[in-house]
Amino acid sequence: MPAEATASAPARRIGRIPLIPCIAAIIAVVLVITGGGLFLTHRAGLWGQRTLPTTEELQSSSGQRLTANIVADQLRDQGVKTKVDKVYSGKKAGEFAGYGNARAGERIDAGRTVTVNESMGPGVPKGTVGRKAADVVTMLRAMNVPVTFRQMPVSDTKRYPTGTVVTTWPTEGSPVADRKTGIQVAVAMTGQADIPYDFIGMDKDTARKTLEANYYRVTMKPRFSSKRYLGKIVDSEPKPGVFRPAGYRVTLYYGVDASQRDAVVGQPIDNNGENLGTAMTNVAGLSGKYCTDGGDCVTLTPDGTSGWGSTLVTDQQLKNGEWTIPDSSEGVMPFEDGLSLCPFSQEDTGCIPNSADSKGYLDGFLINGNTGAMELHSGSGLPYCGTHVFIDENPSYCINGQITSVDDIENYDSKKAVKELVYKPKEFFVVMPVGANLAKLKASGYFSGDSDYHPDDDRPYLIRRDNAAYQPVKAYAADGLHRKPNPYMPGTGRTAFKQAPNEKNVYYLVEDGGALDWDDLKTMRVQPSHASDNAKTESQQAFATLAGTYKYQPSVDGAFTLQLTLKSDGSFTGRGRSIRGWPDGHGGTLPQTDAPFNGRFASAIQNDDGTYTLQCDAKSFTTKVDRKQLGFETCGRFVAYPSGTRAVEALSYDNGNNPQKDTSSSYEAQTGRNRFTDWTIVNKGDGKSDFGVYERQSS
Numbered sequence: 001m002p003a004e005a006t007a008s009a010p011a012r013r014i015g016r017i018p019l020i021p022c023i024a025a026i027i028a029v030v031l032v033i034t035g036g037g038l039f040l041t042h043r044a045g046l047w048g049q050r051t052l053p054t055t056e057e058l059q060s061s062s063g064q065r066l067t068a069n070i071v072a073d074q075l076r077d078q079g080v081k082t083k084v085d086k087v088y089s090g091k092k093a094g095e096f097a098g099y100g101n102a103r104a105g106e107r108i109d110a111g112r113t114v115t116v117n118e119s120m121g122p123g124v125p126k127g128t129v130g131r132k133a134a135d136v137v138t139m140l141r142a143m144n145v146p147v148t149f150r151q152m153p154v155s156d157t158k159r160y161p162t163g164t165v166v167t168t169w170p171t172e173g174s175p176v177a178d179r180k181t182g183i184q185v186a187v188a189m190t191g192q193a194d195i196p197y198d199f200i201g202m203d204k205d206t207a208r209k210t211l212e213a214n215y216y217r218v219t220m221k222p223r224f225s226s227k228r229y230l231g232k233i234v235d236s237e238p239k240p241g242v243f244r245p246a247g248y249r250v251t252l253y254y255g256v257d258a259s260q261r262d263a264v265v266g267q268p269i270d271n272n273g274e275n276l277g278t279a280m281t282n283v284a285g286l287s288g289k290y291c292t293d294g295g296d297c298v299t300l301t302p303d304g305t306s307g308w309g310s311t312l313v314t315d316q317q318l319k320n321g322e323w324t325i326p327d328s329s330e331g332v333m334p335f336e337d338g339l340s341l342c343p344f345s346q347e348d349t350g351c352i353p354n355s356a357d358s359k360g361y362l363d364g365f366l367i368n369g370n371t372g373a374m375e376l377h378s379g380s381g382l383p384y385c386g387t388h389v390f391i392d393e394n395p396s397y398c399i400n401g402q403i404t405s406v407d408d409i410e411n412y413d414s415k416k417a418v419k420e421l422v423y424k425p426k427e428f429f430v431v432m433p434v435g436a437n438l439a440k441l442k443a444s445g446y447f448s449g450d451s452d453y454h455p456d457d458d459r460p461y462l463i464r465r466d467n468a469a470y471q472p473v474k475a476y477a478a479d480g481l482h483r484k485p486n487p488y489m490p491g492t493g494r495t496a497f498k499q500a501p502n503e504k505n506v507y508y509l510v511e512d513g514g515a516l517d518w519d520d521l522k523t524m525r526v527q528p529s530h531a532s533d534n535a536k537t538e539s540q541q542a543f544a545t546l547a548g549t550y551k552y553q554p555s556v557d558g559a560f561t562l563q564l565t566l567k568s569d570g571s572f573t574g575r576g577r578s579i580r581g582w583p584d585g586h587g588g589t590l591p592q593t594d595a596p597f598n599g600r601f602a603s604a605i606q607n608d609d610g611t612y613t614l615q616c617d618a619k620s621f622t623t624k625v626d627r628k629q630l631g632f633e634t635c636g637r638f639v640a641y642p643s644g645t646r647a648v649e650a651l652s653y654d655n656g657n658n659p660q661k662d663t664s665s666s667y668e669a670q671t672g673r674n675r676f677t678d679w680t681i682v683n684k685g686d687g688k689s690d691f692g693v694y695e696r697q698s699s
């Protein structure tokens, strides 16, 4: 502004501005600018509290898996103290499984520590046993694996009240190892059984006297057990809960520790009345299921071989088909593949510890020492020619992995004969009963590796060797005359374990629920104790149980097949195939067809006999061909039958003049079996063209 203009302008009077309207205006402007910032700062925790976010709020925009560690980090970034607990849940291992001591949306005071749950995958939480079955239904179903409740007869209802959980498989505190089998739950009931479940843990003498008072003939046998079962019943034959109308002979197994080794795995040798000693040949005494803390299991099953009266075989050998010899006249496994406590010996006396007969055979074996441990191993210490064991009882050659007999004994070249022979690392366990001295074993240099893991010595366990860490080695010296000691066998020339006992190679003996024959126990239906757990939850559980791929093949030649894949949400897809074409209903056939189809089961209800009734949603079923040709005329009622169900219980014996109706006789003729081997879904629709017997295929 020019100076002269400033001089000529009259002076302006400045008035006083009212204080209250000014403050109000400022507050209004602040509120407009922040857009409700008071609420936002409170939710963010600037006023002393924080609100726990929901899973949706926590989920990253990248769509990556929401782990417990991510949630804990996000909360800590907001100033919330956290700790992470591991729990069993239906989510994958490592994923966020909710808050342990608070709810999403809850306001948390400053300084409070929030527990973030990290999923370990499905399992049976500790504290399940002893609760009412109705109170654990929802919790177990949330694991998203099949859950089967079974009746377990008990005689002492004060100890095991009717309706309470007496045991589970997997045992409580353990993960689910087989998602197909899921969780088995035994529920206390009054009923008939040769050995009620409350005999488990009973004093051995009391149990024997109780059964003898009821006219049973009782045989008592010792078995290595956990410390809490020493002197008490740990198992029986028949298994607990099983009833045999004409059965009056029972065997009771009672718990012992390492000091009773000879009674468990020993067999007295008698020669014309002379006691020669006790040989460690009763390996059947070590049979059972053993599992790591992480749920990896191995089952040792007793059976006969072509060389010994009994041995043990692992479930992996059974699965791989190593157990039987297809062209063997005995039809059993060769002795060298069985698990033994002793090396190859012509006489059982070679397996008597600390005896003159076993000198040279058991030298350096743990069973010959005083630690209480013993080695259970396969291979008998013999070398291999290719995939064949080389016993060397008669002169023979190993050429190109094949054993050939010697025709010209005078020109036998031993160096050439044994050049290819090698020692292979075979299955190997160190058996540790309660009372075995692991510290002494470590101090002796038995393990070359080290570990901070401390096995639970209140339970029997196996230490399993990882054979992937070892390679085959030559069995003979270069001169072809001197056989080297087998470094993969027990004894003085043994190679040390490369891995000390750790959480992956220590397998604990499974007791309680793991010792039951679950399939022999009747299934039962358990309603949740809360009204909110309704038919929808029951259907979800049923579909989780039944999910899998099923096949229907009504003829041996496979000219017509239907395959159906049922998902855990009740939806299904499938495909019908006909080699020669489907019947057209008039004596002819339709052209060869390959027809996909899909649909959905609206509900699934478990029946008292263990079956499931499935109701198909007819409107959801679609296919490009006439649905009658696929057996879905009405797409109505289906029934799922468990493994072991007799075909005659699920199917009519005759077709009632309906050529498309499935019968038990046709099923038996086509499969050569009279029982279902897995879950089987049978079409029970009312239409004349409703058919199909879908048997689940092994994964």
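For the sequence shown, full-length UniProt numbering begins at 1 and goes up steadily by one.
From the three backbone atoms N, C-alpha and C, an ideal C-beta is built for every residue, glycine too.
Computed from a prediction, not measured in an experiment: that's the story for all the values here.
- Rounded to the nearest angstrom, the gap between the Cα atoms of D626 and N658 is 19 Å.
- When the five nearest sequence neighbours on each side are left out, the beta carbons in the same chain lying within less than 7 Å of the beta carbon of F638 are those of L614, C616, I681, V682, N683 and K684, in order along the chain.
- For D517, the secondary structure class from DSSP, reduced to helix, strand or coil, is coil.
- A buried status is given to Q606, since no fewer than 16 other beta-carbon atoms sit within 10 Å of its beta-carbon.
- Here Y197 carries a helix assignment [DSSP, helix/strand/coil].
- Around the CB of P196, 16 or more other CB atoms lie within 10 Å, so the residue is classed as buried.
- Per DSSP, reduced to three states, the secondary structure at T67 is strand.
- Setting aside the 5 residues that flank it on each side, R696 is surrounded in the same chain by G548, Y550, D678 and W679, each with a C-beta closer than 6 Å to its C-beta; the list follows chain order.
- Going by beta carbons, G576 and L566 fall outside the 8 Å limit.
- In the structure shown, S578 falls within a strand segment according to DSSP collapsed to helix, strand and coil.
- Counting C-beta atoms within 10 angstroms of its own C-beta, Q629 has 16 or more neighbours from the protein chains shown and is therefore classed as buried.
- Within the same chain, and ignoring the five residues on either side of S652 in sequence, the residues whose Cβ sits closer than 6 Å to its Cβ are T663.
- By the Cβ rule, the stretch 440–458 counts as touching the stretch 496–506, because three or more pairs are nearer than 8 Å.
- When the Cα atoms are used, R50 and V145 turn out to be separated by approximately 36 Å.
- Shown here, C385 sits in a strand according to DSSP, grouped into three states.
- With respect to the C-alpha of Q553, the residue from N272, E172 and Q660 having the closest C-alpha is Q660.
- According to DSSP, residue pairing for I463 in a beta bridge involves V430 and V506.
- Taking P170 as reference, the option from D156, M143 and T162 with the minimal CA-CA separation is M143.
- Per DSSP, the continuous beta strand (DSSP E) segment holding T613 begins and ends at Y612 to C616.
- Cβ-Cβ distances below 8 Å link T349 to I269, L276, G277, A279, S355, D357 and S358 in the same chain, with the five nearest sequence neighbours on each side left out; the list follows chain order.
- Across the set Q540, N437, K419 and M524, the C-alpha of K419 shows the shortest separation from the C-alpha of R483.
- Distance from the Cα of Q471 is smallest, within the candidate group G372, M374 and K426, for K426.
- For W518, the closest C-alpha among the options K416, S643 and K624 is that of S643.
- In this structure, the beta-carbon distance from D85 to E118 falls below 8 Å.
- Rounded to whole angstroms, the Cβ separation of L75 and F96 is 11 Å, and the two are not in contact under 8 Å.
- Counting only runs of 3+ residues, the beta strand (DSSP E) found wholly inside the stretch 185–229 occupies 217–224, in chain order.
- Across the set V473, P433, A544 and F572, the C-alpha of P433 shows the shortest separation from the C-alpha of Y508.
- Uninterrupted alpha helix (DSSP H) stretches at least 4 residues long and entirely within the stretch 73–143 occur at 133–141, given in chain order.
- Its Cα nearest to that of G386, the residue I403 stands out among I403, A373 and S396.
- Contact check between the stretch 156–172 and the stretch 123–130: three or more CB pairs, one atom from each, fall below 8 Å, which counts as touching.
- The beta carbon of P343 sits closer than 7 Å to those of Y361, S380, G381 and M489, all from its chain and outside the five residues before and after it, given in chain order.
- P596 sits exposed, since fewer than 16 C-beta atoms from the chains shown fall within 10 Å of its C-beta.
- Check the Cα spacing between G493 and each of D363, A186 and D456: the tightest is with D363.
- Judged by their CB atoms, G372 and N437 are nearer to each other than the 8 Å cut-off.
- Taking C-alpha positions only, Q260 is separated from G273 by approximately 24 Å.
- Taking the CA atoms as reference points, I579 sits about 5 Å from A559.
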